[in-house]
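In terms of our numbering, the sequence shown opens at residue 27 and continues consecutively. Glycine included, every Cβ here is placed at the ideal spot set by N, Cα and C.
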Amino acid sequence: MTKKKTKKLSKPKTRAINATGSVTWDCPSILGEDGRGEWDRMLGRLLFTGRLDNIEPTALLTYCRAFETWTRAEAWINENGLVAITRNDKGEVKGVAAVPHVAISARAAAQMRQFLTDCGLTPASSAKIETVNQEESIDDKRNRLITAILSKPNA
Numbered sequence: 027m028t029k030k031k032t033k034k035l036s037k038p039k040t041r042a043i044n045a046t047g048s049v050t051w052d053c054p055s056i057l058g059e060d061g062r063g064e065w066d067r068m069l070g071r072l073l074f075t076g077r078l079d080n081i082e083p084t085a086l087l088t089y090c091r092a093f094e095t096w097t098r099a100e101a102w103i104n105e106n107g108l109v110a111i112t113r114n115d116k117g118e119v120k121g122v123a124a125v126p127h128v129a130i131s132a133r134a135a136a137q138m139r140q141f142l143t144d145c146g147l148t149p150a151s152s153a154k155i156e157t158v159n160q161e162e163s164i165d166d167k168r169n170r171l172i173t174a175i176l177s178k179p180n181a
């Protein structure tokens, strides 16, 4: 019996700078194009709000996977509609049912909403969560964000 070789995942190039200034959090290679874009967007948002140090990378990964699922489901719904119509041999409508993509989209949206709430990134939840650097000025936040963007390796 031969051992099956597993394919090594390539190391992603997306990085962020946390509040202490250290580079961390490579973007997981399992994310597709939509997920990687959302990873970058959310890292910037978490960094700017001072909440990056309070988040587990797996929580962000779960959010980004839910975002990918949601965008795929919504794209399918936009193209094919919300319901499936079944017809009999004569072409008469036999039944109408919601397509599974509706429930998939709703579950993914709920997962994303929960992450945003837990991270204090919704208007209602932001007042309840203390930021890491309350005394940090808007200029300091802007400078950290610019440094993070400029330090990204070229793709």
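(message) Let's see if you can read the secondary structure: which residues bound the beta strand (DSSP E) around A56?
(response) Here residue 56 corresponds to residue number 30 of the sequence shown, with the count starting at 1. The question names Ala, but residue 56 is Ile in the sequence shown. The continuous stretches of beta strand (DSSP E) do not include I56, and DSSP gives it neither H nor E.
(message) I need the straight-line Cα distance from N114 to L171, nearest angstrom please.
(response) Looking up residue 114 in the sequence shown gives position 88. Looking up residue 171 in the sequence shown gives position 145. Those two C-alpha atoms are separated by around 59 Å.
(request) Leaving aside the five residues before and after E59 along the sequence, list all residues of the same chain whose C-beta is less than 8 Å from its C-beta, in chain order. (result) Residue numbering aside, residue 59 sits at position 33 when the sequence shown is read from its first letter. So no residue of the chain qualifies.
(message) So, with DSSP's three-state summary, where would you put V109?
(response) Numbered from 1 along the sequence shown, position 83 holds the residue referred to as residue 109. Here V109 sits in strand by DSSP.
(request) Classify R168 as helix, strand or coil using the three-state DSSP reduction. (result) In the sequence shown, the residue the question calls residue 168 occupies position 142. Reduced to three states, the DSSP call for R168 is helix.
(message) Given this structure, state the Cα-to-Cα distance separating V49 from L73, to the nearest angstrom.
(response) Working through the sequence shown from its first residue, we reach residue 49 at position 23. Working through the sequence shown from its first residue, we reach residue 73 at position 47. In this prediction, V49 scores a pLDDT of 47, lower than 50, which makes its location untrustworthy; no coordinate-derived value is stated.
(message) For N80, tell me which candidate among G117, R91 and D144 has the shortest Cα-Cα distance.
(response) Numbered from its first residue, the sequence shown carries residue 80 at position 54. Ranking G117, R91 and D144 by CA distance to the CA of N80 puts D144 first.
(request) Would you kindly report the start and end of the unbroken alpha helix (DSSP H) that includes V125? (result) Numbered from 1 along the sequence shown, position 99 holds the residue referred to as residue 125. No alpha helix (DSSP H) holds V125; DSSP gives it neither H nor E.
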